[in-house]
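In what follows, a structure is listed as structure tokens, so that the remarks can point back to it.
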Amino acid sequence: MRLFLWGYVKSCVYVNNPRTIPQLKKEITRVMAQIQAEVCTGVDENFVHGVDVCRRSPGGHIPDILFHV
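Residues 0 to 68 (numbering that gives the first Met the number 0) make up the sequence shown, in order.
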């Protein structure tokens, strides 16, 4: 689910089409500052849930995991 967060940040950063490293850093900082705490909490909870599912299925099939952010 952390890939979800990275994809979200990336899509928001490139909306303004930064062309230089300083512009890119500014956009990343802007987007990161706007992410609500609830989104980060949801990402962390889903990550922990996924790890728990993996631990309970050592080497076995992992059923589809539903993530809620």
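For each residue, glycine too, the CB sits at the ideal point set by N, CA and C.
Counted within 10 angstroms of its Cβ, other Cβ atoms place residue i as buried (16 or more) or exposed
i	result
residue 67	Reliability of the predicted coordinates at residue 67 is poor, the pLDDT of 47 falling under 50, and the value obtained from them is presented with this limitation in mind. Per the 10 Å Cβ criterion, exposed.
residue 47	exposed
residue 42	buried
C-beta atoms of residue i and residue j nearer than 7 Å
i	j	result
residue 53	residue 30	no
residue 15	residue 26	yes
Endpoints, the alpha helix (DSSP H) within which residue i is located
i	result
residue 21	20-33
residue 45	36-55
Proximity to residue i [Cα-Cα], best of the options
i	options	result
residue 8	18, 38, 21, 20	38
Collapsed DSSP secondary structure at residue i in the structure displayed
i	result
residue 6	helix
residue 15	helix
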